[in-house]
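Worksheet: one structure, shown below.
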Amino acid sequence: MNKRKTLLIGCGKAGNRITNELLEGDKSGQLTGLFVNTSFKDMAELSKRTEENTFLFSSADGSGRDRTIAQQYVKDQVKSLVSVITNYPLHDNIYLITSTDGGSGSGITPMLCQLLRSGFDKKKLLNRKINLIAIMPNQKVDDRLAFENAIGFWNDIVKKRTDKEGNEFSIKDKCLDSIKIIDNTKGKSYNDINAKIVKTIINSFNMNGVSDEGDIDDKDAFKFNTEKGFSIILDIPSGYDSASDAIDKAIKECIYGLPNSYNCEYLGISLNEDDYLIDDIRNCFSTVNKTTYKTYNKLGHNTVVLGGCSEPNELMANIVQKLEEIKNGITNNENYNKDLTVKFENTINKSNKNTKSEVQATFTANELDDLANELDDMF
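For what it's worth, the numbering used here labels the leading residue of the sequence shown as 14, then goes sequentially.
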């Protein structure tokens with residue numbers, strides 16, 4: 014994948030830290046980062062942050078884990094925020110990175126998704142990809158506010174809205190391409206989950222290869238990494254006698270919210286040649302609707318990316334259940350009504366226009382006013 018055209022936007026404390034660690038982990042130095050926050054102290058000591066790649070909401074000193082406060086900062090300073098992001102006109106692949114359990118990142122990110130897509134549409138920049146990496150809270154921790162914020166974030170992403178023309182849409186379907194939901198429960202510690210995020214994301218960016226079994230180039234990796242819908246990355250361990258056993262282990266330890274099935278639009282497979290046969294890995298997945306990209310890489314990692322999957326309904330249902338248990342003081346699951354759901358949108362818009370355009374991303378004062386008004390109407 015062309016990392017020179019990839020922009021990582023870390024939103025809030027956790028998003029800033031992961032963005033910083035991804036930049037540190039990118040040994041090629043090709044990735045670009047932007048740090049967005051309501052609190053300077055949350056990002057002051059990050060090694061890759063500079064004055065040039067920082068957007069701090071003025072007159073803000075954090076959000077106190079209140080999503081509505083963070084959202085008001087965006088409404089008040091939307092023009093400044095858009096102006097900063099348009100300083101990266103050549104970056105056509107954007108990753109928004111945030112935790113969902115706090116106030117700043119959880120509140121800012123859904124609005125930023127809407128803001129970016131509306132802005133790109135107005136400028137006819139139809140080839141711009143907006144991807145989301147969102148971390149759901151650790152279900153082993155009894156933190157009511159964390160789960161309330163996470164559910165609020167999720168509903169902001171999936172709920173139906175109405176634009177000025179009366180058309181219904183959701184941020185998930187209209188504004189976002191690839192969505193990766195991370196289950197913080199899968200980490201042994203804060204540092205452990207961050208390390209796994211960095212490893213798998215960096216490996217997914219470094220899947221290019223040329224071999225007799227198949228090739229993956231920048232355009233191929235771009236397709237399966239940004240395919241519309243939910244996505245997971247599997248880190249396949251070495252040393253197993255069979256590919257199926259290795260896949261089972263990878264799924265068990267996968268930090269991403271697992272979909273209802275492993276049917277996907279695209280499958281990307283990049284392996285260390287000494288570990289497994291590509292076809293043995295491919296045969297572990299029954300349905301790939303579009304195509305499989307496969308190769309052997311020279312970096313020594315075994316990575317599988319599933320793009321265009323269904324929603325991680327089980328993860329979200331577990332989060333809702335955990336919140337209800339905290340609210341009700343219930344610790345015995347047998348006494349609990351398990352019919353807890355979040356209203357998901359079950360269909361994902363698979364349209365994926367990749368029309369090229371050379372239109373500049375710079376916005377006029379009137380266009381910035383229009384974006385600000387749209388954002389105010391939506392939230």
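For glycine and all other residues, C-beta sits at the position ideal for the given N, C-alpha and C.
Excluding the 5 residues flanking residue i on each side, which residues of the same chain have their C-beta closer than 6 Å to its C-beta?
{"i": "N362", "result": "Low per-residue confidence applies at N362: pLDDT is 39, beneath 50, and the placement is therefore not dependable, though the value from the model is reported in the following sentence. These residues qualify, in order along the chain: D186."}
{"i": "G23", "result": "N29, T32, F48, I110"}
{"i": "L336", "result": "F160"}
{"i": "H104", "result": "K18, L20"}
{"i": "N345", "result": "Only weak support is given to the placement of N345: the predicted model assigns it a pLDDT of 49, under 50, and the question is left unresolved by the model."}
{"i": "S119", "result": "R80, T113, N162, F166"}
{"i": "G227", "result": "K307, T308"}
{"i": "N106", "result": "K18, T19, K142"}
{"i": "N15", "result": "D231"}
{"i": "K303", "result": "E278, Y279"}
{"i": "N315", "result": "I249, L284, N285, D288"}
Tell me where the beta strand (DSSP E) around residue i begins and ends.
{"i": "F68", "result": "67-69"}
{"i": "N296", "result": "From DSSP, N296 is part of no beta strand (DSSP E); its letter is neither H nor E."}
{"i": "D248", "result": "242-248"}
{"i": "T45", "result": "45-50"}
{"i": "D228", "result": "227-229"}
{"i": "A57", "result": "Neither: A57 is in no beta strand (DSSP E) and is coded neither H nor E."}
{"i": "E278", "result": "277-285"}
Can you find the residues in the same chain that come closer than 8 Å, C-beta to C-beta, to residue i, ignoring five residues on each side of it along the sequence?
{"i": "E286", "result": "S224, Y309"}
{"i": "C126", "result": "L109, I143, L145, I170, I184, C188, L189"}
{"i": "K236", "result": "Y279, Y306, G320"}
How about residue i and residue j: do their beta carbons lie closer than 7 Å?
{"i": "N216", "j": "I148", "result": "no"}
{"i": "A163", "j": "I268", "result": "no"}
{"i": "K155", "j": "I339", "result": "According to the sequence shown, residue 155 is Asp rather than Lys. A contact, by the Cβ cut-off of 7 Å."}
{"i": "L319", "j": "C277", "result": "yes"}
{"i": "I170", "j": "I184", "result": "yes"}
{"i": "I229", "j": "G222", "result": "yes"}
{"i": "A259", "j": "P250", "result": "yes"}
{"i": "V97", "j": "F68", "result": "yes"}
{"i": "F243", "j": "I192", "result": "yes"}
{"i": "Y275", "j": "F298", "result": "yes"}
{"i": "S117", "j": "T63", "result": "no"}
{"i": "A208", "j": "M220", "result": "no"}
From residue i to residue j, what distance separates their C-alpha atoms?
{"i": "A263", "j": "G77", "result": "37 Å"}
{"i": "F218", "j": "Y306", "result": "14 Å"}
{"i": "M56", "j": "S71", "result": "15 Å"}
{"i": "N367", "j": "N341", "result": "With a pLDDT of 41 at N367, under the threshold of 50, the predicted position of this residue should be treated as unreliable, though the coordinate-derived value follows. Each residue's alpha carbon lies about 48 Å from the other."}
{"i": "D74", "j": "C188", "result": "29 Å"}
{"i": "G25", "j": "N151", "result": "17 Å"}
{"i": "V317", "j": "N66", "result": "31 Å"}
{"i": "F133", "j": "Y108", "result": "15 Å"}
{"i": "R157", "j": "Q334", "result": "11 Å"}
{"i": "I282", "j": "G270", "result": "19 Å"}
{"i": "D261", "j": "L247", "result": "10 Å"}
{"i": "Q43", "j": "D254", "result": "37 Å"}
{"i": "P102", "j": "K173", "result": "30 Å"}
{"i": "V95", "j": "L129", "result": "8 Å"}
{"i": "L290", "j": "N180", "result": "48 Å"}
{"i": "S199", "j": "E266", "result": "A small correction: the amino acid at residue 199 is Lys; Ser does not occupy that position in the sequence shown. Spanning the two alpha carbons is a distance of roughly 7 Å."}
{"i": "A83", "j": "G115", "result": "10 Å"}
{"i": "A27", "j": "P123", "result": "16 Å"}
{"i": "S93", "j": "I121", "result": "14 Å"}
{"i": "D288", "j": "G252", "result": "7 Å"}
{"i": "G46", "j": "K201", "result": "27 Å"}
{"i": "K136", "j": "K153", "result": "45 Å"}
{"i": "T99", "j": "N204", "result": "32 Å"}
{"i": "E347", "j": "K61", "result": "Low local confidence applies: a pLDDT of 45 at E347 is under 50, so the model's placement there is unreliable, and no value is given."}
{"i": "L353", "j": "A330", "result": "Bear in mind that the predicted position of L353 carries a pLDDT of just 38, short of 50, making it unreliable; the figure below should be weighed with that in mind. L353 and A330: Cα-Cα distance of roughly 6 Å."}
{"i": "S323", "j": "K241", "result": "10 Å"}
Where do the N-terminal and C-terminal ends of the alpha helix (DSSP H) with residue i fall, by residue?
{"i": "I194", "result": "Premise fails: I194 lies in the beta strand (DSSP E), 191-196, not in any alpha helix (DSSP H)."}
{"i": "M124", "result": "117-135"}
{"i": "I210", "result": "203-218"}
{"i": "G25", "result": "25-38"}
{"i": "T81", "result": "80-89"}
{"i": "K307", "result": "Premise fails: K307 lies in the beta strand (DSSP E), 301-310, not in any alpha helix (DSSP H)."}
{"i": "Y317", "result": "Note on identity: in this sequence residue 317 is Val, with Tyr being the wrong assignment. V317 -> not in any alpha helix (DSSP H); beta strand (DSSP E) instead, spanning 316-322."}
Which residues in the same chain have their Cβ closer than 7 Å to the Cβ of residue i, if we skip the five residues on either side of it in sequence?
{"i": "G313", "result": "N285"}
{"i": "N359", "result": "Only weak support is given to the placement of N359: the predicted model assigns it a pLDDT of 40, under 50, and the value that follows is read from those uncertain coordinates. There are no such residues."}
{"i": "G38", "result": "V211, I215"}
{"i": "T175", "result": "E181"}
{"i": "T239", "result": "N106, K142, N144, D190, S191"}
{"i": "E34", "result": "N207, V211"}
For a cutoff of 7 Å on Cβ pairs, would you count residue i as touching chain C?
{"i": "I148", "result": "Within the model displayed, chain C is absent; a lone protein chain is all it includes."}
Would the beta-carbon of residue i be found less than 6 Å away from any heavy atom of the ligand FAD?
{"i": "D186", "result": "Questions concerning the ligand FAD fall outside what the structure shown contains, since it holds no ligand whatsoever."}
Requested in this report: Would you check if there are 3 or more beta carbon pairs closer than 8 Å linking the region 82-92 to the region 56-65?
Outcome: no
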